[in-house]
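Just below is one structure, and these are the notes that go with it.
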Amino acid sequence: SVSHSQITRLYSRFTSLDKGENGTLSREDFQRIPELAINPLGDRIINAFFPEGEDQVNFRGFMRTLAHFRPIEDNEKSRDQNGPEPLNSRSNKLHFAFRLYDLDKDDKISRDELLQVLRMMVGVNISDEQLGSIADRTIQEADQDGDSAISFAEFVKVLEKVDVEQKMSIRFLH
Amino acid sequence: LDYQHVQVPFEITLWIMLASLAKIGFHLYNKLPSVVPESCLLIFVGLIMGGIIYGLNDRSPPVMDSDIFFLYLLPPIVLDAGYFMPSRPFFENIGTILLYAVVGTIWNVFGIGFSLYGICQVRVFQLQDVSLLHNLLFGSLIAAVDPVAVLAVFEEIHVNEKLHILVFGESLLNDAVTVVLYKLFRSFCEMPTIKSTDVFAGVGKFFVVGLGGVLVGLSFGFTAAFTTRFTKDIRVIEPLFVFLYSYLSYLTAEMFHLSGIVAIIACAMGMKRYVEANISLKSHTTVKYFMKMWSSVSDTLIFIFLGVSTIGENHEWNWPYICFTVIFCLVWRALGVLVLTFFVNRFHVNTITSKDQFIIAYGGLRGAICFSLVFLLPEFHRKKLFIAATTVVILFTVFVQGMTIRPLVDLLAVKRKRESAPTVGEQIHIRFLDHLLAGIEDISGHWGQYYWKDKLEYFNSKYLQKILLREYDQPKSSIVLLYEKLERKHAIELAEAGQLGHGPAHPSLLGPGFLCSSNDRTLRTDQKLEDIQNPDVLDNMQEILARNLYRIRRTGPAYNRHTLPGESEPSEHAKEILILRHKGL
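First to last, the sequence lines map onto chains A and B. Heads up: the first sequence begins at 5 in my numbering, then just goes up one per residue. Heads up: the second sequence begins at 75 in my numbering, then just goes up one per residue.
Shown next, in the form of structure tokens:
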């Protein structure tokens with residue numbers, strides 16, 4: 005679990021973001037971070053912090069979301085399988101990313117959800133048709149049950165060769 | 075013909091003209107700068123010029139005067155570097171940078187000094203008269219990595235931002251150490267006996283030099299910011315103040331035997347945000363352009379003069395000494411980097427990979443600072459040997475290391491590549507994850523940074539802003555300024571055209587339009603299916619993606635010698651992202 009010094013550090017970060025000083029963060033507090041404004045996925049990342057339908061997140065929720073990005077320690081890899089899976093396991097990390105794609109929460113990334121994300125990540129020089137064919141190709145590569153959408157299992161399979169543990173870990177939360 | 079009357083300014087202008095024309099010449103051949111770094115070409119031109127002058131006059135060509143170098147040629151370059159230094163990565167890595175600059179330089183100085191002394195003991199080389207102190211003095215001037223040379227070469231290779239800032243920051247800050255050690259050993263050479271109190275005085279002096287430089291720089295910087303508060307009615311001379319105050323800080327620091335380079339950097343970094351808020355937009359552009367222009371000219375002139383000064387009768391060629399100097403420079407630098415990185419990696423989880431270490435070690439180029447320092451040495455019978463050795467080391471590092479670093483970096487990078495090319499889906503998802511991680515890192519902040527940064531921000535908003543800024547509203551970050559600019563542009567577009575005409579239509583995929591075309595969609599996908607299987611189309615897709623996916627903000631150096639910030643690609647992307655998000659809101 006997270007160490008004491010990390011909690012203190014994250015708490016000081018939380019309070020420095022909390023301009024209203026009421027112990028919770030709103031979406032505006034996040035949007036004030038300048039680098040986030042030019043992140044193509046900025047809005048979605050901010051939304052991921054807020055539980056369903058709420059507009060404020062407290063420190064516990066803040067920590068919980070960030071806990072997904074803790075690096076996986078070596079001694080945790082061989083932990084007993086009986087306990088609940090830690091938030092920063094590979095599967096949970098991927099699930100977090102999957103939820104950012106899947107806005108309507110039907111456990112599938114449909115073509116349109118994919119197109120939305122693609123359009124956010126790509127410049128203005130790509131036409132809609134090109135983007136459409138790229139999205140089709142992506143789905144076709146991943147789709148194994150023929151439903152023209154990417155389920156979570158298919159998503160995991162696409163990324164099996166990628167070092168997700170390293171790509172989704174903040175390096176100082178150690 | 076009244077040549078005597080105009081001789082000095084005429085010759086200076088001719089030299090600058092030669093430098094600039096040479097630069098144009100290199101860029102006419104597109105292939106050349108990618109193979110041979112510009113600095114090498116400039117030295118080469120200098121060598122030719124020196125050869126011509128030597129042939130014509132039959133005596134040594136004018137050696138680059140140390141005063142000219144330190145007083146006129148070096149400050150613009152350092153000012154440019156300090157002003158455009160990306161402060162966030164710099165302060166994030168300040169611990170590592172200081173470690174490399176201070177401890178690394180000391181390690182190198184003593185390592186090189188002692189090993190060369192060992193070489194001098196070997197009878198057969200006929201070098202016994204070079205004492206330990208002389209060797210240490212030589213070590214102190216040859217050990218320092220030179221910012222001019224490093225900048226010139228690192229532009230050719232595209233390393234990540236963190237690495238760039240590490241090597242570059244180190245090369246700037248080791249000036250303090252070099253100055254202290256050089257002056258220390260020089261005064262030791264002249265003193266009959268050396269007591270241990272002198273050594274301690276030397277150590278204390280180092281802190282004085284460094285911190286004193288920072289203080290001088292900051293005080294001039296804040297004075298400059300204060301002055302610009304009142305320039306509202308005389309916009310035309312605003313840029314002048316920036317340059318005057320920075321140059322004054324450099325000269326004042328040098329006057330007090332403090333580190334001028336550290337002073338000018340502190341001045342530039344300190345005054346930047348206040349001055350930019352106070353002066354007009356046009357003055358701002360003027361300042362940036364002039365800085366780039368002056369530093370470019372200085373840079374070119376330095377390398378040409380280096381080439382010119384090499385020709386001549388200033389050298390004593392004792393090949394064993396020279397060869398061992400080169401070898402020891404490389405060896406000690408590599409060892410120093412290895413050992414220091416080992417310690418750094420223990421304390422930071424943000425490890426410096428071995429590829430990075432190689433670049434840091436190999437990128438430790440020596441340049442004109444060493445050259446000028448060696449000419450400043452007091453006259454003694456072995457001075458020419460040192461001059462020769464310095465020249466060889468500089469030429470070696472600039473030519474050999476400068477030219478081979480790019481292929482070596484590529485070679486190392488190739489070895490880590492995956493065996494199979496990523497699929498289209500992988501490409502997209504990987505980039506998605508990268509953006510996600512960058513966003514999360516920005517939200518969670520970095521290692522303990524925010525404690526000091528917040529304290530500084532608090533101090534700033536309570537006191538400094540009120541004094542130094544003309545209008546002290548909440549200072550707008552550059553992103554907000556950009557956003558406002560886009561808003562204005564957007565409003566103008568709307569007014570002119572009556573509709574948004576920017577880029578392809580925004581996909582409102584969950585709107586009513588989509589539902590109507592869902593039937594067409596299935597038809598379309600069937601037709602397109604053959605297209606997708608086509609390997610040519612596939613390659614095309616990957617290429618399109620590779621070219622068009624937005625880069626995460628960390629890749630690519632933020633400091634570039636030849637272009638202004640804000641003209642390069644990442645900032646265009648930032649604007650596009652903001653526009654798209656604005657449309658989506």
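The beta carbon of each residue, even a glycine, is placed where N, CA and C say it ideally should be.
- Looking at the DSSP output, A/K112 sits in a beta bridge with A/S155.
- Straight across, the Cα-Cα distance linking B/F274 with B/E453 is about 27 Å.
- Using a Cβ distance threshold of 7 Å, B/D516 and A/E39 count as a contacting pair.
- From the beta-carbon of A/K171, the residues of chain B found nearer than 8 Å are I504, L507, D508 and L511.
- Proximity of chain A to B/V498 at the Cβ level (cut-off 7 Å) is accounted for by I138, R141, T142 and E145, in chain order.
- Note that the region 172 to 185 of chain B touches the region 243 to 256 of chain B; at least 3 beta-carbon pairs, one per stretch, sit closer than 8 Å.
- Listed along the chain, the chain B residues whose CB falls inside 7 Å of the CB of A/V162 are G499, E500 and H503.
- According to DSSP, A/N62 shares a beta bridge with A/T28.
- Under the Cβ criterion of 7 Å, A/G127 is counted among the residues facing chain B.
- Each of B/R303, B/T326 and B/S261 was checked against the Cα of B/G291, and the nearest Cα belongs to B/T326.
- With the criterion set as a beta carbon lying under 7 Å from some beta carbon of chain B, the members of the region 14 to 32 of chain A are L14, S16, R17 and S20, in sequence order.
- Here B/S113 is buried. Its C-beta has 16 or more other C-beta atoms within 10 Å.
- In terms of beta-carbon proximity, B/L623 lines the interface with chain A, with at least one pair separated by less than 7 Å.
- The way I'd put it, the region 312 to 325 of chain B does touch the region 354 to 361 of chain B; three or more beta-carbon pairs between them come closer than 8 Å.
- With its beta carbon at least 7 Å from every one in chain A, B/M159 lies outside the interface.
- For B/G99, the uninterrupted alpha helix (DSSP H) run begins and ends at Y77 to L102, by DSSP.
- Below the 7 Å Cβ cutoff, chain B contributes I618 as neighbours of A/Q134, in chain order.
- Its Cα nearest to that of B/V183, the residue B/L215 stands out among B/D154, B/P163, B/L511 and B/L215.
- With respect to chain A, the C-beta atom of B/S270 has no partner C-beta closer than 7 Å.
- Annotation: Cβ neighbours of B/M615 in chain A (cutoff 9 Å, chain order): Q134, S137, I138 and R141.
- If one requires a minimum length of 3 residues, no beta strand (DSSP E) run lies completely within the region 116 to 195 of chain B.
- For B/Y624, no alpha helix (DSSP H) segment is defined, and its DSSP state is neither H nor E.
- For A/V126, the three-state secondary structure derived from DSSP is strand.
- The alpha carbon of B/P394 has as its nearest neighbour, out of B/F158, B/V196 and B/V224, the alpha carbon of B/V196.
- Beyond the five residues adjoining it in sequence on each side, B/A96 comes within less than 6 Å, by CB distance, of V119 in the same chain, given in chain order.
- Taking CB atoms only, B/I396 has no neighbour in chain A less than 7 Å away.
- Pairing B/I434 with B/V241, the inter-Cα distance amounts to about 6 Å.
- For the pair B/G286 and B/V253, the Cα-to-Cα distance works out to about 13 Å.
- In the three-state scheme derived from DSSP, where H, G and I count as helix and E and B as strand, B/S354 is classed as coil.
- Think of a sphere of 7 Å around the beta carbon of B/S518: the chain A residues whose beta carbon falls inside it are L14, R17, L70 and I174, in chain order.
- When the beta-carbon positions are compared, A/S173 and A/F73 come within less than 7 Å of each other.
- The C-beta of B/I335 comes no closer than 7 Å to any C-beta of chain A.
- In the pairwise beta carbon analysis, the region 139 to 158 of chain B is classified as touching the region 372 to 388 of chain B: at least three pairs are separated by under 8 Å.
- One finds I174 in chain A with Cβ atoms closer than 8 Å to the Cβ of B/E515, taken in chain order.
- Not a single C-beta of chain B is nearer than 7 Å to the C-beta of A/N51.
- DSSP places A/D47 in the helix class (H, G or I) of the three-state scheme.
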